[in-house]
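So the structure is just underneath, and the comments pick up after that.
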Amino acid sequence: MIIITFGSFDLFHIGHLNILKYCKKILNNSKDKNNKLIVGVSSDNLNKNKKGKLPIINIENRLEIIKNINGVDEVFIEETLEKKLEYCKKYNADILIMGDDHLGEYDFLKKYGLKVIYKPRTKNISTTDIKNKIINNYLSK
Ligand code: CTP
């Protein structure tokens, strides 16, 4: 079974770790032998265009961090949000897993045979929260 997931994974935090652990748990419970967890890490430019901000941690470092998380087999750079289907096909993914902030967004992939799972987000943490905490607690005094 091949699971694919995507994200920016900037300022790596517990919510990021939890979704990767969740993917690994599903793989571990599968009876398949050819299990793989593939992670698409969004490029600096994609983030700049999508969120209007460059990530704090550059793509080379974000790739290196994700590649070395227990259970991750392969990483690649996600250059554009519009190519989810192409990436899923390229990596022969059976299941796409995303946090439930993306609920419904990737349901169109189901007609191509993919299973799509939206995991409930880890509460009270996000990259945006971390950035805001830094601004509010350290920079505004
Ligand atoms: N994620 C999660 N729980 C969180 C934060 C993220 O499950 N608390 C999941 C997202 O739903 C996504 C993956 O982790 O599937 C990568 O999320 P990303 O967008 O990189 O992280 P965020 O912290 O949500 O970043 P931002 O605040 O910039 O949107």
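According to this note's numbering, the residues represented by the sequence shown are 74 to 214, in order.
Glycine residues also receive a C-beta, built at the ideal position from the N, C-alpha and C atoms.
CB of I130 within 8 Å of CB of I198, strictly: Taking 8 Å as the Cβ cut-off, I130 and I198 do not qualify as a contacting pair.
I198 CB to nearest heavy atom of the ligand CTP below 7 Å: Yes, the Cβ of I198 comes within 7 Å of a heavy atom of the ligand CTP.
Supposed contact pair L119 and T153 - C-beta distance, whole angstroms, cut 8 Å: With a Cβ gap of about 6 Å, T153 and L119 count as contacting.
8 Å contact criterion, which L158 and Y191 should meet: CB distance rounded: Not confirmed; about 17 Å, so no contact.
Option in K97, K124, K104 and P193 with minimal Cα separation from E147: With distances taken between CA atoms, E147 lies nearest to K97 out of K97, K124, K104 and P193.
Neighbour-count burial assignment, G80, 16 or more Cβ in a 10 Å radius: Answer is buried; the Cβ neighbour count reaches 16.
Near the ligand CTP: R135 beta-carbon under 7 Å from a heavy atom: No, the beta carbon of R135 sits no closer than 7 Å to any heavy atom of the ligand CTP.
Runs of alpha helix (DSSP H) lying entirely within the region 137–191, each at least 4 residues, in chain order: Restricted to the region 137–191, the alpha helix (DSSP H) segments that are unbroken, complete and at least 4 residues in length are 157–163, listed in chain order.
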